[in-house]
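Below you'll find the structure, written out as structure tokens, and then a few comments.
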Amino acid sequence: PFKNPKYSSPKKSKNLKQVLALEKAQELALDIPTYQNIECPPSVLPQKKYCDITGLDAKYTDPKTSLRYHNAEIYQFIRTLGVPNVQTYLASRNAAVVLK
Numbered sequence: 587p588f589k590n591p592k593y594s595s596p597k598k599s600k601n602l603k604q605v606l607a608l609e610k611a612q613e614l615a616l617d618i619p620t621y622q623n624i625e626c627p628p629s630v631l632p633q634k635k636y637c638d639i640t641g642l643d644a645k646y647t648d649p650k651t652s653l654r655y656h657n658a659e660i661y662q663f664i665r666t667l668g669v670p671n672v673q674t675y676l677a678s679r680n681a682a683v684v685l686k
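Residue numbers (my numbering): 587 to 686.
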């Protein structure tokens, strides 16, 4: 007596794998946008900078070593690093200066 005879359950959405599999199965023209061929312009927002030591967001950059750091405690740690260690940290984010 309490069930609505006109009730229909909500449609389930498809996950990304299912959508991509369906797109591969269909032969669409190249000018029709799909998940695989959508192009977008580069982001207007500036790129996020992360601390080289901790991985937290970096508010500061050391002018001497160009390492990014999160707070003063990490800056004190950076001051104690030697040149090979600084080069290793810079190489981890592909910013190392190779001197020949």
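For each residue, glycine too, the CB sits at the ideal point set by N, CA and C.
- Within the DSSP secondary-structure output, TYR636 pairs in a beta bridge with ASP643.
- Closest option to ALA607, judged by alpha-carbon separation, among GLN622, ASP617, SER594: GLN622.
- Per DSSP, the unbroken alpha helix (DSSP H) holding ILE664 starts and ends at 658-666.
- Distance between VAL672 and PRO596, taken at the CA atoms: about 57 angstroms.
- In the DSSP assignment, the residues bridged to ARG654 are THR647.
- The beta carbons of TYR661 and ASP638 sit about 12 angstroms from each other, so the pair does not count as a contact at 8 angstroms.
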